[in-house]
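Student: In our numbering, the protein residues as written are 3 to 466. Built from N, CA and C at the ideal position, the CB exists for glycine as well. Please read these numbers as outputs of a predicted model, since none were measured by experiment.
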Ligand SMILES: *Cc1c(COP(=O)(O)O)cnc(C)c1O
Ligand SMILES: [Zn+2]
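Shown next, in the form of structure tokens:
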């Protein structure tokens with residue numbers, strides 16, 4: 003299969019190709035990111051996306067059961083017998099009228115793609131199964147990542163389930179939520195906590211992996227992004243193969259938006275959809291590098307030659323001011339997004355926009371998502387906070403169809419949820435107030451009652 007799939011520099015003027023088995027994940031010529039690329043002319047491409055419906059009937063086959071691998075015709079880099087799947091991608095795309103109302107959208111227009119249903123509780127499993135499959139094909143014995151939490155939880159679960167590899171995870175100190183840390187520990191990952199933040203951890207893990215020959219599963223790994231394309235295939239499937247007007251996604255390391263962009267570029271070029279949807283990437287205001295570069299400094303993909311000088315100036319400003327990413331949405335608390343060029347390409351090809359939302363806006367949106375019947379962690383709610391903002395700005399029309407990606411499960415970060423709903427002003431101030439959140443507009447406070455039947459009855463009659 004190797005000459006039908008290969009790796010290729012994302013910058014078209016370079017276009018250097020690299021063997022499928024290479025694990026450096028950097029262009030040897032220009033240092034740029036790599037894509038997984040395919041010789042589509044020599045591969046069997048389905049005539050229509052409806053082709054994938056037939057896979058449902060075959061779901062006793064583990065690859066067709068997987069919500070990722072049943073679309074493997076659209077990322078054919080691995081032989082079937084090498085695929086490592088744990089049944090990821092059984093996620094749902096739910097019509098969300100309560101959330102639509104909150105955002106000023108019309109009923110029936112707004113959908114939540116809930117990736118919290120994955121085995122490790124976040125969308126990361128979509129990519130991990132693909133990276134893990136590649137790692138297995140190259141015979142890796144150890145795999146490493148730096149993580150704000152969910153990548154490590156996902157890596158740990160795949161290592162544990164397959165018993166094929168040892169997980170080595172790097173986390174920054176003090177930032178990771180307990181839900182995520184507990185998963186890494188429970189599934190037996192070697193957990194290395196370094197004194198620094200995510201950006202520091204990511205830099206170190208790349209050095210260490212190179213030195214020790216450990217397989218790297220951070221989203222610089224292009225195979226992960228191939229698996230994450232399937233999130234969009236499932237969205238299209240849920241919408242009966244109709245392309246929505248908007249996809250809204252939180253932006254951290256920008257792997258998701260890059261993967262989504264690549265999926266839509268390929269589907270359009272293969273003639274399987276008429277046009278890509280527009281993509282809105284939503285940053286947290288405390289970690290808004292993409293917003294600053296794209297919206298404030300006019301940095302564009304520019305045919306594969308983004309303005310490196312402008313990007314360099316901004317990164318130097320971050321360094322000089324020692325400006326650290328700072329948001330309660332820990333999964334997107336990233337100031338040096340590794341997939342920046344691919345994200346710019348996605349924005350270019352999908353008529354993209356970028357917005358930033360405050361932690362207060364994120365938590366309010368999160369509470370509304372929860373009240374509407376799906377739970378997510380703070381970072382995920384940036385997508386809905388972004389929808390509200392873009393509707394208010396008039397960028398998104400209330401009648402357009404919008405899909406917000408809920409990237410992770412509500413139980414990943416219960417501290418944030420409890421602090422938001424807490425009646426205790428000190429708990430609120432400690433966790434949220436000091437991060438600039440002024441109030442919890444939709445707090446659902448616990449009611450304090452004496453241990454007395456008539457008082458309890460009175461309280462229930464009063465509140466419910
Ligand atoms: C990793 C993660 C993100 C950020 O995704 P990127 O692909 O890095 O932009 C957002 N939300 C959650 C829950 C995550 O785990
Ligand atoms: Zn190159």
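1. Run through DSSP, which three-state label would residue 9 get?
2. Kindly examine ligand 1 and report whether one of its heavy atoms sits closer than 7 Å to the Cβ of residue 121.
3. Residue 96 to residue 322, Cα distance in whole Å?
4. Please work out which residues of its chain come closer than 6 Å, Cβ to Cβ, to residue 312, disregarding the five sequence neighbours upstream and downstream, and give them in chain order.
5. Return helix, strand or coil for residue 27, following the three-state DSSP convention.
6. What are the partner residues of residue 285, as DSSP defines its beta bridges?
7. Does at least one heavy atom of ligand 1 sit under 7 Å from the Cβ of residue 257?
8. Going by DSSP in three states, residue 410 sits in which element: helix, strand or coil?
9. Which residues bound the beta strand (DSSP E) around residue 249?
10. Work out the CA separation of residue 327 and residue 335 for me, nearest whole Å.
11. Pick out every residue whose C-beta is nearer than 6 Å to a heavy atom of ligand 2: which are they, in chain order?
12. Is residue 31 buried or exposed, if buried means 16 or more other CB atoms sit within 10 Å of its CB?
13. So, does the segment 148-159 touch the segment 104-123, judging by three or more C-beta pairs under 8 Å?
14. For residue 371, name the three-state secondary structure that DSSP assigns.
15. With respect to 7 Å, is the separation between the Cβ of residue 337 and the closest non-hydrogen atom of ligand 1 below this value?
16. Please name the residue in 84, 117, 52 whose C-alpha comes closest to that of residue 409.
17. Does ligand 1 have even one heavy atom less than 7 Å from the beta-carbon of residue 358?
18. Find the nearest neighbour of residue 80 within the set 64, 179, 225, judged by alpha-carbon distance.
19. With DSSP run on the structure shown, which of helix, strand or coil describes residue 226?
20. Can you look up residue 208 in the DSSP assignment and give me helix, strand or coil?
21. In chain order, what residues of the same chain lie with their CB nearer than 7 Å to the CB of residue 261, ignoring the 5 residues before and after it?
22. Just how far apart, CA to CA, sit residue 316 and residue 341?
23. Could you pull out every residue in the same chain whose Cβ sits closer than 7 Å to the Cβ of residue 202, ignoring the five residues on either side in sequence?
24. Between residue 223 and ligand 1, is the CB less than 7 Å from at least one heavy atom?
Tutor: Concretely, from the data shown:
1. Look at residue 9 here: in three-state DSSP terms it is strand.
2. For ligand 1, not one heavy atom lies less than 7 Å from the Cβ of residue 121.
3. Cα to Cα, residue 96 sits roughly 44 Å from residue 322.
4. Annotation for residue 312: 299, 301 place their beta carbon closer than 6 Å to its own, counting only its chain and skipping 5 residues before and after.
5. Note: residue 27 maps to coil in three-state DSSP.
6. Partner(s): 358.
7. Judged by the Cβ position, residue 257 qualifies as a neighbour of ligand 1 at the 7 Å threshold, a heavy atom of the ligand being closer than this.
8. Three-state result, residue 410: strand.
9. Element bounds for residue 249: 248-252.
10. C-alpha separation (whole angstroms): 5 Å.
11. Going by the Cβ distance cut-off, the answer is 11, 13, 16, 18, 29, 31, 32, 34.
12. With fewer than 16 other Cβ atoms within 10 Å, it is exposed.
13. These segments touch.
14. DSSP, read as helix, strand or coil, puts residue 371 in helix.
15. Outside the cutoff, so no.
16. Closest in C-alpha terms to residue 409, from the list 84, 117, 52, comes 117.
17. No, the Cβ of residue 358 stays beyond 7 Å of every heavy atom of ligand 1.
18. It is 225 whose Cα lies nearest to the Cα of residue 80.
19. Here DSSP, grouped into helix, strand and coil, assigns residue 226 to helix.
20. In the three-state scheme derived from DSSP, where H, G and I count as helix and E and B as strand, residue 208 is classed as helix.
21. The beta carbon of residue 261 lies closer than 7 Å to those of 227, 230, 231 in the same chain, with the five residues before and after it left out.
22. When rounded, the distance between both Cα atoms is 16 Å.
23. Only 174, 196 meet the Cβ criterion.
24. Annotation for residue 223 indicates a beta carbon at 7 Å or more from all heavy atoms of ligand 1.
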